[in-house]
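**Q** Mind looking over this structure? Questions follow.
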Amino acid sequence: NAGVTQTPKFQVLKTGQSMTLQCAQDMNHNSMYWYRQDPGMGLRLIYYSASEGTTDKGEVPNGYNVSRLNKREFSLRLESAAPSQTSVYFCASSKIYEQYFGPGTRLTVT
Amino acid sequence: GQSLEQPSEVTAVEGAIVQINCTYQTSGFYGLSWYQQHDGGAPTFLSYNALDGLEETGRFSSFLSRSDSYGYLLLQELQMKDSASYFCAVLNSGYSTLTFGKGTMLLVSP
Numbered sequence: 064n065a066g067v068t069q070t071p072k073f074q075v076l077k078t079g080q081s082m083t084l085q086c087a088q089d090m091n092h093n094s095m096y097w098y099r100q101d102p103g104m105g106l107r108l109i110y111y112s113a114s115e116g117t118t119d120k121g122e123v124p125n126g127y128n129v130s131r132l133n134k135r136e137f138s139l140r141l142e143s144a145a146p147s148q149t150s151v152y153f154c155a156s157s158k159i160y161e162q163y164f165g166p167g168t169r170l171t172v173t
Numbered sequence: 472g473q474s475l476e477q478p479s480e481v482t483a484v485e486g487a488i489v490q491i492n493c494t495y496q497t498s499g500f501y502g503l504s505w506y507q508q509h510d511g512g513a514p515t516f517l518s519y520n521a522l523d524g525l526e527e528t529g530r531f532s533s534f535l536s537r538s539d540s541y542g543y544l545l546l547q548e549l550q551m552k553d554s555a556s557y558f559c560a561v562l563n564s565g566y567s568t569l570t571f572g573k574g575t576m577l578l579v580s581p
């Protein structure tokens, strides 16, 4: 039982490049989330998916897109990366009120 | 919208008791959660208060007072491994999303 997995663990992009962050969970949870964490800012919700086939914007969705590929997988795409998107990205899934987080992707945009 | 306030840093010594406070302003929520994060790793769930009062889980307890828009996390018999960041979060309507505070860094010294 791996829980929530994320790839890659680290990534460096140049401004304007695109990339997709992958997330998968094996706990049969309906809801999945993408957060970003910046120093002193806590966790801020980018997008979430309450169930397979649905996605909704969170607090900071600009510059991102998501795809809920199936019940297990929820990807986050940066179409044209900007230095302001340098952050640590966490994926999570939830069972009612308890969220389970992946190990994070550390992204640097130069 | 939702906003949560918690102290940025708290220090304590091994064996002591420490309380991390969280005040919030919300437009409606189901409950208050607490998460622990070590050194930028994956946040992990500690507790959830749906009702007013105290919830105890081993050395950790969490309290909620809806009338005061206030909660706290109480850590007893502090150990060095408790040095981490602690986040309070409100569970928003529909059980779909969490809004996090900016986190409190707890430093435990010998």
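Residue numbers (our numbering), protein chains in the order written: chain A, 64 to 173; chain B, 472 to 581. Don't be surprised by glycine CBs; every beta carbon is placed ideally from N, CA and C.
Rounded to whole angstroms, what's the CA-CA distance from A:ALA144 to B:ASN492? Just pull it up for me.
**A** Roughly 37 Å separates the two Cα atoms.
**Q** Just to confirm the assignment, what range does the beta strand (DSSP E) spanning A:LEU132 have?
**A** No beta strand (DSSP E) holds A:LEU132; DSSP gives it neither H nor E.
**Q** Name the two residues that bound the continuous beta strand (DSSP E) containing B:GLN545.
**A** Before going on, a small fix: residue 545 of chain B reads as Leu here, not Gln. 541 to 546 is the extent of the beta strand (DSSP E) around B:LEU545.
**Q** So, helix, strand or coil for B:GLY565, using DSSP?
**A** Residue state, collapsed to three classes: helix.
**Q** Counting beta carbon pairs with one atom in the segment 495 to 514 of chain B and one in the segment 551 to 558 of chain B, are three or more of them shorter than 8 Å?
**A** Touching, yes.
**Q** Rounded to the nearest angstrom, what separates A:TYR110 and B:PHE571 at their Cα positions?
**A** C-alpha separation (whole angstroms): 14 Å.
**Q** With DSSP as the reference, label A:MET95 as helix, strand or coil.
**A** Of the three classes helix, strand and coil, the one that applies to A:MET95 here is strand, per DSSP.
**Q** Tell whether a beta-carbon distance below 8 Å holds between A:CYS86 and A:PHE137.
**A** Contact flag set, yes.
**Q** I'd like the list of long-range same chain contacts for B:SER540, defined as Cβ closer than 7 Å, with 5 residues on each side in sequence excluded.
**A** Hits under 7 Å: THR494, TYR495 and GLN496.
**Q** Quick check on this structure: which residue in A:ILE159, A:MET104, A:GLN148 and A:ASP89 has the alpha carbon closest to the alpha carbon of A:SER81?
**A** Out of A:ILE159, A:MET104, A:GLN148 and A:ASP89, A:GLN148 has the C-alpha closest to the C-alpha of A:SER81.
**Q** Write down the C-beta distance between B:LEU503 and B:LEU535 rounded to the nearest angstrom, noting that I regard them as a contact closer than 8 Å.
**A** Rounded, the Cβ-Cβ distance is 5 Å, consistent with contact.
**Q** To the nearest angstrom, report how far apart A:VAL123 and A:ILE159 are at their CA atoms.
**A** Those two C-alpha atoms are separated by around 23 Å.
**Q** Return the residues of the segment 519 to 547 of chain B that lie within a Cβ-Cβ distance of less than 7 Å from chain A, sorted by chain order.
**A** Listed in sequence order: TYR519.
**Q** Note the first and the last residue of the continuous beta strand (DSSP E) segment covering A:VAL172.
**A** From DSSP, the beta strand (DSSP E) with A:VAL172 extends over 168 to 172.
**Q** Chain B beta carbons: is any one of them nearer than 8 Å to that of A:MET95?
**A** A:MET95 does not count as touching chain B.
**Q** Have a look at A:GLY103, A:GLY105, A:ASN133 and A:SER150 and flag the residue whose alpha-carbon is nearest the alpha-carbon of A:SER112.
**A** The residue with the shortest Cα to Cα distance from A:SER112 is A:ASN133.
**Q** Hey, is A:GLY167's beta-carbon within less than 8 Å of any beta-carbon in chain B?
**A** Yes, A:GLY167 counts as interfacial toward chain B.
**Q** Going along the segment 489 to 519 of chain B in order, which residues come within less than 9 Å of chain A, judged by CB to CB distance?
**A** Residues passing the 9 Å Cβ filter: TYR501, GLY502, SER504, TYR506, GLN508, GLY511, GLY512, ALA513, PRO514, THR515, PHE516 and TYR519.
**Q** At a threshold of 7 Å, does B:ARG537 count as lining the ligand FMN (C-beta to nearest heavy atom)?
**A** Inclusion of the ligand FMN in the displayed structure is not the case, the ligand content being empty and no account of it being possible.
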